[in-house]
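Below you'll find the structure, written out as structure tokens, and then a few comments.
Numbering (the working numbering), first residue to last: 19 to 346.
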């Protein structure tokens, strides 16, 4: 693509959708949310982090002298070993993002990686870079779709499995159990599933205290701002919640706490987000008119500025769990 075409594309970019929640009168589904949350910022992420960014928590394990790239590679090496992934292994990545893990599987391990995702921007980026990815809902993949696998992974996509409505209706456990049943059916006997997910922790407030109109430095506002980024998602309450709902189908064989690693990962991402790039700043410029006309869009810019997920990790409103499960 010529530079003039790129500039034209950037300057005509529009932001799709609004972060008004279902409780506030806007219908949501997972496809709509994933495009809102990730396709909208597709170019921003790729201009900041590269064509196939690893957009999930890195694995420092306390060694913060490592670079972000080294810590992401350490995570991939750990998962490869923990799941016994070898050349020729078939691996399904549930919520494949921009394909950083798929690229590692292909280029480093020599495994056959297949990714599923609901974000058009992310799947298109994977395909444009020679990776195998499909627009599919990670919650409902069946063996008749792609067969069974030697290993399955989910780097952060579990955060989107349950909706806010599922939580409010008391169905969160039921939704999780159905998810693990699907993963069980996709995995060959005796094989393993790796997942990492954000979790609510000891300082999480009651749901009815979340308020976008609360003071800007308050926990209530920070959580409300985070929900403006993911209006249709609700995360588990501690890693024990995940282990319990997986237990009919899986034995938990590994757990580590990644909260402090996520603080570090997020800080490293932020440095790259603010690093100058003409394409990136043209992308920002194309969105300026919306800044003055759309209150909900101003919340999205506040998310980029405040980084509410990092604040939630720092305040122990949220934590992070890395888990390996073995199929029963």
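Where is the CB? At the ideal position from N, CA and C, for every residue including glycine.
Keep in mind the model is a prediction, meaning the values are calculated, not measured.
key: Extent of the continuous beta strand (DSSP E) run through residue 213   = Where residue 213 is concerned, the enclosing beta strand (DSSP E) starts and stops at 205–218.
ask   = Thinking C-alpha only, which one of 63, 71, 78, 70 is nearest residue 279?
value = It is 78 whose Cα lies nearest to the Cα of residue 279.
key: residue 133 (DSSP reduced to helix, strand or coil)   = If DSSP states are grouped into helix, strand and coil, residue 133 belongs with the strands.
Exposure label - residue 294; buried when at least 16 CB within 10 Å = Exposed, because fewer than 16 other Cβ atoms sit within 10 Å of the Cβ of residue 294.
inquiry  = On the DSSP bridge list, what partners appear for residue 109?
reply    = Per DSSP, 131, 169.
ask   = Leaving out the 5 sequence neighbours to the left and right, which residues in its chain are closer than 6 Å to residue 344 when beta-carbon positions are compared?
value = Excluding five sequence positions before and after residue 344, the CB atoms of its chain that fall closer than 6 Å to its own CB belong to 210, 269, 271, given in chain order.
C-beta atoms of residue 175 and residue 112 nearer than 9 Å = Yes, the Cβ-Cβ distance between residue 175 and residue 112 is below 9 Å.
task = Name the two residues that bound the continuous beta strand (DSSP E) containing residue 151.
result = Note, residue 151: beta strand (DSSP E), 151–153.
ask   = Is it right to say residue 74 is buried, meaning 16 or more other beta carbons lie within 10 angstroms of its own, or is it exposed?
value = It is buried - the Cβ of residue 74 has at least 16 other Cβ atoms within 10 Å.
ask   = Thinking just about the alpha-carbon of each residue, which of 317, 284, 142 is nearest to the one in residue 241?
value = Considering only alpha carbons, the answer is 317.
ask   = In terms of DSSP beta bridges, what is residue 344 paired with?
value = Paired residue(s): 210, 269.
request  = With DSSP collapsed to three states, give me the class of residue 274.
outcome  = Note: residue 274 maps to strand in three-state DSSP.
query = Which class does residue 77 belong to by DSSP, given the choice of helix, strand or coil?
reply = DSSP places residue 77 in coil when its eight states are reduced to three.
key: Same chain only: Cβ atoms within 8 Å of residue 314, ignoring 5 sequence neighbours per side   = Within the same chain, Cβ atoms closer than 8 Å to the Cβ of residue 314 are found at 36, 37, 38, 246, the five residues on either side in sequence being excluded.
query = Cα separation between residue 157 and residue 80?
reply = Roughly 32 Å between the two C-alpha positions.
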